[in-house]
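Inspection log for the structure reproduced underneath, given as C-alpha coordinates.
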Amino acid sequence: MINKIGKITLYVNNQEEAKEFWTKKMNFVVKAENPMGPNMTWLEVGPSESEFTTFILYNKELMKTQNPEAVAHPSIILSTDNIEDTYKNMKENGVEVEDIMKMPYGSMFSFKDQDGNRYLIREDKI
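Residue numbering for the sequence shown is 1 to 126, as defined by UniProt numbering.
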(Lines of atoms letter the chains of each structure in order from A and count residues from 1; the text may use other names and numbers.)
(Lines give C-alpha, C1' and ligand atoms only; values in the text may rest on other atoms or scores of the structure.)
Protein backbone atom coordinates (compact mmCIF):
# COMPACT_ATOMS: atom_id res chain seq x y z
CA MET A 1 0.00 0.00 0.00
CA ILE A 2 1.32 3.45 -0.88
CA ASN A 3 1.58 5.65 2.18
CA LYS A 4 3.52 8.75 1.02
CA ILE A 5 4.47 10.76 -2.02
CA GLY A 6 8.19 10.15 -2.23
CA LYS A 7 9.96 12.13 -4.90
CA ILE A 8 9.03 14.44 -7.76
CA THR A 9 11.55 14.86 -10.56
CA LEU A 10 12.09 18.34 -11.96
CA TYR A 11 14.05 18.42 -15.23
CA VAL A 12 16.42 21.39 -15.07
CA ASN A 13 18.79 23.06 -17.52
CA ASN A 14 21.59 23.34 -14.94
CA GLN A 15 21.68 21.41 -11.67
CA GLU A 16 23.90 23.94 -9.88
CA GLU A 17 21.62 26.85 -10.83
CA ALA A 18 18.58 24.83 -9.73
CA LYS A 19 20.30 23.90 -6.46
CA GLU A 20 21.10 27.58 -5.86
CA PHE A 21 17.47 28.61 -6.59
CA TRP A 22 15.88 26.00 -4.30
CA THR A 23 18.37 26.38 -1.42
CA LYS A 24 19.07 30.13 -1.51
CA LYS A 25 15.78 31.61 -2.72
CA MET A 26 13.29 29.00 -1.51
CA ASN A 27 15.19 28.02 1.68
CA PHE A 28 15.09 24.29 0.88
CA VAL A 29 17.87 21.96 2.05
CA VAL A 30 19.94 19.47 0.08
CA LYS A 31 18.70 16.02 1.13
CA ALA A 32 21.02 13.99 -1.15
CA GLU A 33 23.78 14.74 -3.63
CA ASN A 34 25.53 11.69 -5.03
CA PRO A 35 27.47 10.96 -8.22
CA MET A 36 25.64 8.65 -10.63
CA GLY A 37 28.46 8.20 -13.14
CA PRO A 38 30.32 10.48 -15.51
CA ASN A 39 28.71 13.93 -15.61
CA MET A 40 25.67 12.77 -13.63
CA THR A 41 24.56 13.68 -10.11
CA TRP A 42 21.57 12.52 -8.10
CA LEU A 43 20.44 15.75 -6.40
CA GLU A 44 17.46 15.95 -4.05
CA VAL A 45 16.15 19.01 -2.22
CA GLY A 46 13.30 19.41 0.23
CA PRO A 47 11.69 22.03 2.48
CA SER A 48 13.43 20.66 5.61
CA GLU A 49 15.59 17.80 6.86
CA SER A 50 12.54 16.12 8.37
CA GLU A 51 10.30 16.32 5.28
CA PHE A 52 10.08 13.01 3.45
CA THR A 53 8.95 14.25 0.03
CA THR A 54 11.71 15.76 -2.13
CA PHE A 55 12.34 17.24 -5.56
CA ILE A 56 14.95 15.45 -7.63
CA LEU A 57 16.77 18.07 -9.73
CA TYR A 58 17.70 16.07 -12.81
CA ASN A 59 19.60 17.31 -15.83
CA LYS A 60 17.08 17.89 -18.64
CA GLU A 61 19.54 17.18 -21.48
CA LEU A 62 20.57 13.84 -19.97
CA MET A 63 16.95 12.80 -19.60
CA LYS A 64 16.21 13.77 -23.21
CA THR A 65 18.79 11.19 -24.30
CA GLN A 66 17.44 8.55 -21.89
CA ASN A 67 13.68 9.08 -22.20
CA PRO A 68 12.58 12.11 -24.29
CA GLU A 69 8.88 11.74 -23.38
CA ALA A 70 9.64 12.22 -19.68
CA VAL A 71 10.83 15.82 -19.93
CA ALA A 72 7.50 17.55 -19.32
CA HIS A 73 7.19 19.94 -16.40
CA PRO A 74 4.61 18.67 -13.88
CA SER A 75 1.96 20.86 -12.30
CA ILE A 76 3.11 21.25 -8.70
CA ILE A 77 1.32 22.95 -5.82
CA LEU A 78 3.36 23.67 -2.69
CA SER A 79 1.74 24.36 0.69
CA THR A 80 2.22 27.06 3.32
CA ASP A 81 0.37 27.92 6.50
CA ASN A 82 1.04 31.67 6.05
CA ILE A 83 0.64 32.93 2.48
CA GLU A 84 1.53 36.55 3.28
CA ASP A 85 4.87 35.72 4.98
CA THR A 86 5.78 33.19 2.29
CA TYR A 87 5.02 35.69 -0.47
CA LYS A 88 7.05 38.44 1.23
CA ASN A 89 10.02 36.14 1.87
CA MET A 90 10.10 34.83 -1.70
CA LYS A 91 9.82 38.33 -3.16
CA GLU A 92 12.67 39.53 -0.92
CA ASN A 93 14.75 36.56 -2.12
CA GLY A 94 14.31 37.67 -5.72
CA VAL A 95 11.84 34.99 -6.79
CA GLU A 96 9.54 36.03 -9.65
CA VAL A 97 6.08 35.94 -8.04
CA GLU A 98 2.61 36.89 -9.25
CA ASP A 99 -0.03 38.59 -7.08
CA ILE A 100 -1.77 36.65 -4.33
CA MET A 101 -5.18 35.43 -5.46
CA LYS A 102 -7.84 35.26 -2.75
CA MET A 103 -10.37 32.63 -3.75
CA PRO A 104 -13.37 31.23 -1.82
CA TYR A 105 -11.43 27.96 -1.38
CA GLY A 106 -8.12 29.56 -0.29
CA SER A 107 -5.34 32.00 -1.09
CA MET A 108 -2.56 31.22 -3.55
CA PHE A 109 0.06 32.67 -5.85
CA SER A 110 2.30 31.39 -8.59
CA PHE A 111 6.05 31.78 -9.00
CA LYS A 112 8.75 30.81 -11.49
CA ASP A 113 11.96 28.90 -10.91
CA GLN A 114 15.38 29.54 -12.48
CA ASP A 115 14.26 27.93 -15.77
CA GLY A 116 10.97 29.86 -15.96
CA ASN A 117 8.79 26.91 -14.88
CA ARG A 118 5.62 27.91 -13.05
CA TYR A 119 4.57 26.59 -9.62
CA LEU A 120 1.68 27.41 -7.31
CA ILE A 121 1.77 27.98 -3.56
CA ARG A 122 -1.48 27.59 -1.66
CA GLU A 123 -2.26 28.40 1.95
CA ASP A 124 -3.36 25.25 3.75
CA LYS A 125 -4.71 25.73 7.25
CA ILE A 126 -5.26 22.25 8.57
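C-beta: ideal position from N, C-alpha, C; glycine also.
Taking a cut-off of 8 Å for Cβ pairs, the segment 47–60 and the segment 11–20 touch, as three or more such pairs fall below it. Secondary-structure assignment with DSSP links residue 55 through a beta bridge to 8, 45. Beta-bridge partners assigned by DSSP to residue 80: 123.
The segment 85–97 makes no contact with the segment 63–74; the number of CB pairs closer than 8 Å stays below 3. Between the alpha carbons of residue 89 and residue 113 lies a gap of roughly 15 Å.
Counting the other CB atoms within 10 Å of its CB gives residue 72 a total below 16, which places it among the exposed residues.
With fewer than 16 other beta carbons inside 10 angstroms of its own, residue 77 counts as exposed. Counting the other Cβ atoms within 10 Å of the Cβ of residue 24 gives fewer than 16, which makes it exposed.
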